[in-house]
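Undergrad: Next up is a structure, given as structure tokens.
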Ligand code: ARG
């Protein structure tokens with residue numbers, strides 16, 4: 060390489076780096092242009108894994124919140140419509156990473172670099188708040204104990220070492236078993252359908268899961284199972300965001316408020332739960 064060549068080459072790299080910085084700014088918000096010039100641009104902008112996109116990570120086996128459309132392989136559900144509506148408010152295209160195990164979602168957001176948000180019916184709680192930030196709540200939920208119809212099981216009868224109680228690993232149902240059915244034999248699994256099938260075939264005596272999901276799954280696919288107890292845990296779902304990206308949490312909170320005020324949340328609730336909740 061001659062000196063001149065080298066200079067041109069280095070200059071080219073400089074231009075590339077400049078373009079990357081600009082692309083970063085552009086991706087920060089739909090108002091990127093004026094912000095890039097303003098002195099406090101850094102303070103009120105957020106970062107995105109891919110400029111122009113809201114990249115979501117989820118566990119997609121949790122109907123009707125998030126699941127895969129068998130035919131298209133696309134994610135569907137309440138949370139998916141919510142994620143798309145959030146993206147739209149921010150002027151971003153919402154895109155999903157491939158399905159991930161539920162107990163990997165918070166670590167993925169905490170580590171950063173792969174997804175901007177985890178939206179997966181994630182209950183806001185203090186322990187998780189140590190690892191990630193949450194937006195304001197967007198949906199209320201409770202837990203349920205599911206067993207075979209006519210099993211005669213109760214929360215008392217299940218609290219015994221001879222009884223196996225299944226849950227999705229890393230969920231609040233998993234924790235609830237530790238606290239309230241501490242004598243039962245707990246079996247954490249990765250997939251909700253495996254939990255339900257296991258109760259159906261008699262491998263497990265019961266399953267602890269979020270009530271809205273239990274109701275939907277039983278009605279649509281597991282008519283021989285029933286909710287034997289509703290547990291009023293008073294949980295609230297939030298969007299998990301990296302602690303390094305507080306401006307994204309702020310922008311999402313604004314968007315959630317707008318979606319609540321303009322009737323979009325009611326519409327999505329009616330579409331997936333049959334009524335605004
Ligand atoms: N709400 C419960 C929790 O936060 C369960 C969420 C499970 N979500 C899922 N997409 N599998 O632990």
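Residue numbers (our numbering): 60 to 336.
C-beta atoms are modelled at their ideal positions from N, C-alpha and C, and glycine is treated no differently.
The structure displayed is predicted, hence computed values, not measured ones.
Between the C-alpha atoms of residue 184 and residue 234, what's the straight-line distance to the nearest angstrom?
TA: 12 Å
Undergrad: Under a three-way DSSP split, which group does residue 329 fall into?
TA: helix
Undergrad: Hey, does residue 268 have any beta-carbon neighbour from chain D nearer than 8 Å?
TA: Judged by its chain identifiers, the structure shown contains no chain D, having just a single protein chain.
Undergrad: Start and end of the alpha helix (DSSP H) containing residue 118?
TA: Neither: residue 118 is in no alpha helix (DSSP H) and is coded neither H nor E.
Undergrad: Given a cut-off of 8 Å on the beta-carbon distance, is the pair residue 259 and residue 208 in contact?
TA: no
Undergrad: Excluding the five sequence neighbours on either side, which residues of its own chain have a C-beta within less than 8 Å of the C-beta of residue 250, listed in chain order?
TA: 120, 227
Undergrad: Could you pull out every unbroken alpha helix (DSSP H) segment of at least 4 residues lying fully inside the stretch 157 to 234, listed in chain order?
TA: 164 to 170, 185 to 188, 214 to 217
Undergrad: Report yes or no: do the stretch 194 to 204 and the stretch 285 to 295 share at least 3 C-beta pairs separated by less than 8 Å?
TA: yes
Undergrad: Considering only the alpha carbon of each residue, which of 293, 156, 109 lies closest to residue 132?
TA: Looking at the Cα atoms, 156 is the closest of the given residues.
Undergrad: Less than 8 Å between the beta carbons of residue 142 and residue 115, yes or no?
TA: yes
Undergrad: DSSP three-state label for residue 293, please.
TA: strand
Undergrad: Output needed for residue 223: all residues of its chain with C-beta closer than 6 Å, excluding positions within five of it in sequence on either side, in chain order.
TA: Short of 6 Å from the beta carbon of residue 223, and not among the five residues preceding or following it, lie these beta carbons of its own chain, in chain order: 244, 246, 263, 264.
Undergrad: Going by CA-CA distance only, name the one from 214, 252, 136 that's closest to residue 329.
TA: 136
Undergrad: With three or more beta-carbon pairs closer than 8 Å as the criterion, would you say the stretch 295 to 302 touches the stretch 185 to 196?
TA: yes
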